[in-house]
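Each remark here refers to the structure printed beneath this line.
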Amino acid sequence: MRVISRLDIKNDFVIKGVQFEGLKKVGSPLAMAEDYYNQSIDEIVLIDSVASLYERNNLFHIVEKAVERVFVPLCVGGGLRSVSDVNDALNAGADKVIINTAAVKNIDIIEQIASRFGAQCIVGSIEAKKRNDIWEVYTDYGREKTGLDVLTWSQKLTEAGIGELLLTSIDNEGTKRGFDLELVHLINSKLNKPLIVGGGFGTTACIDALLSVMTPSAVAIASALHYGDISVREIKNHIRLKKGL
Amino acid sequence: MKSPRVAVIDYGVGNIRSVKNATNFFGADALLTSDPMEIKNSDGIILPGVGAFHFGMQALEKSSLLAPILSAVANRKPIFGICLGMQLLFERSYEFGQHDGMGLLEGEVISLKEMRSDADEIILPNVNWLTVKSATQKDRPTGVAKLLSSSLSNKEPYYFVHSFGVKASNKATLALANYNGVEFGAVVGNDNVFGTQFHPEKSSGQGLKIIHKFLQSL
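Those sequence lines, one after another, are chains A and B.
The opening position of the first sequence corresponds to residue 6 in our numbering, with each subsequent residue numbered one higher.
The opening position of the second sequence corresponds to residue 16 in our numbering, with each subsequent residue numbered one higher.
Here is the structure:
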């Protein structure tokens, strides 16, 4: 199971909130990416948190600098709307792109990216919020409802040709109270692609709870790392002991 | 020491900037190039690439790079294939139909699903950090292949992302990796031809070490 650090970025600062709200600055993207790399992180996700609003991704200059010193996979998302945007992200040095809002607007973009660059470079992203007994898909960094059901949508994304799925619980995001295990179980039961579980990591107990449901391909962690509650090494050692991996 | 001239082949397939960054990290004079003369004048070749096999072969042919690469390798120039670039070194692939490769190494490229009978169980692509295990070979490797094998870690993992893998001859298999019970060629080579299924340029210090060794060998 990979450990991914997720850096949400706004105006050249890493920011962090709770349930995508009350965003606070927590540091510089380059310094933090390099720090996590030196701590043996498996992968780094960079998300432009305001890009969908402005209809463009503003991270390429950060990506170009980061890949000079960070030699693990880098995944970039936020505001990528066309094959040409994806081309620019990959040229800046990204290994994969994350697509959410653009796919909800037009699912064909997934197939277009896959046929041009290969499925391995597309991470489909779902931001899910629980409403009564179902989870609804949100876009634009948790701001916009779509009326789409998460399970149906995850299958649509898979059929369209994503290489991986990033699943984030908006309800648990930033709360450090653990992953939304019911949501994870629901999506995983029907998924045949690598799953990245995000939203809610607080302590190693959250990993234990997750592993009792399933072993995802990866976990995405933000707050607990950003605020120094735990180190990458501690998380990886815990997983190694737990899984014998 | 004079820094070696490395030709990183630019044929429009995937993220080649990272490969250049990794070589630059060691002060090498790496050139992203699609110029046959640059290939001829280089000390060594890196062939990167991601995506489908036939697109890769077509792209090499279309940019008139296949013949210059083959001729350089025949003249004993070292070549280092990465991911798809490594798969292209082999005789053939069965990705989207049967397609011929460069035929520099003995073996073929097949879906990881077809390497196992209970194939439905396996999730693809294989996106993972995996350790590699040296293969038992009848003939010990020579040349660059031997040198680079010695820089492999048997403890630290490397970053893989692929759905197809190589089944190489014993002679060409330097190290194996195992994904959910499916064993495939992770490090391959013979003499001046070398390749890794994983991305050394994305595999932290243990990956950079292999690239460093390659540069030192030139």
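The beta carbon of each residue, even a glycine, is placed where N, CA and C say it ideally should be.
For this session: Determine which residues share a DSSP beta bridge with V202(B) and list them.
Result: A190(B) and T211(B)
*asked:* Quick test of your reading: K182(B) and G122(B), contact by CB under 8 Å. State the CB separation rounded to the nearest angstrom.
replied: 6 Å
Chain-ordered residues of the segment 26-57 of chain B with a beta carbon less than 8 Å from chain A: G29, N30, R32, S33, N36, A37, N39 and F40
With S163(B) and F229(B) assumed to form a contact (beta carbons below 8 Å), what rounded beta-carbon distance in angstroms separates them? Here the sequence assigns Leu to residue 163(B), which means Ser is not the residue at that position. That pair is a contact at about 6 Å.
What number of angstroms, rounded off, separates the C-alpha of Q113(B) from the C-alpha of I212(A)? 43 Å
Along the beta strand (DSSP E) that carries K150(A), what are the first and last residues, could you check? E149 to D154
Tell me whether H286(A) is buried or exposed, calling it buried when 16 or more other Cβ atoms sit within 10 Å of its Cβ. The shown model of chain A, from 6 to 250, leaves out residue 286(A), and the question about it has no answer.
### Query
With a Cβ-Cβ cutoff of 9 Å, do F213(B) and V147(B) count as a contact?
yes
Query raised in the report: Can you tell me whether DSSP reads S219(B) as helix, strand or coil?
Result: helix
* Asked: How many Å lie between D206(B) and I175(A) at the Cα?
  -> 53 Å
Next on the checklist: Could you check whether the Cβ of S132(B) sits closer than 9 Å to any Cβ belonging to chain A?
Outcome noted: no
Quiz item: Between I201(A) and R7(A), is the Cβ-Cβ spacing less than 9 Å?
Solution: Yes, they are a contact pair.
Original post:
From A38(A) to L12(A), what distance separates their C-alpha atoms?
Top reply: 8 Å
By alpha-carbon positions, which one of I115(A), N137(A) and D138(A) ends up nearest to V128(A)? Residue I115(A) is the option with its Cα nearest to V128(A).
Taking only three categories from DSSP, how would you classify G126(A)?
Note that residue 126(A) is Cys in the sequence shown here, rather than Gly. In this structure, C126(A) counts as helix in the three-state DSSP scheme.
Measure the CB-CB distance between G29(B) and F122(A) and report whether it falls below 9 Å. yes
**Asked** Pick from I225(B), L85(B), S178(B) and I24(B): whose alpha carbon is nearest that of D50(B)?
**Response** I24(B)
Next item on the list: Over the uninterrupted alpha helix (DSSP H) stretch that includes D145(A), give me the two end residues.
Entry: Element bounds for D145(A): n/a, residue is neither H nor E.
> Looking only at C-alpha atoms, which of Y146(A), G147(A) and E141(A) sits nearest to T157(A)?
Replying inline: Among Y146(A), G147(A) and E141(A), the Cα nearest to that of T157(A) belongs to E141(A).
> Using a Cβ-Cβ distance under 9 Å, would L103(B) count as near chain A?
Replying inline: no
Query raised in the report: To which residues of the same chain is S45(A) closer than 8 Å at the C-beta, ignoring the five residues directly before and after it?
Result: V237, R238 and K241
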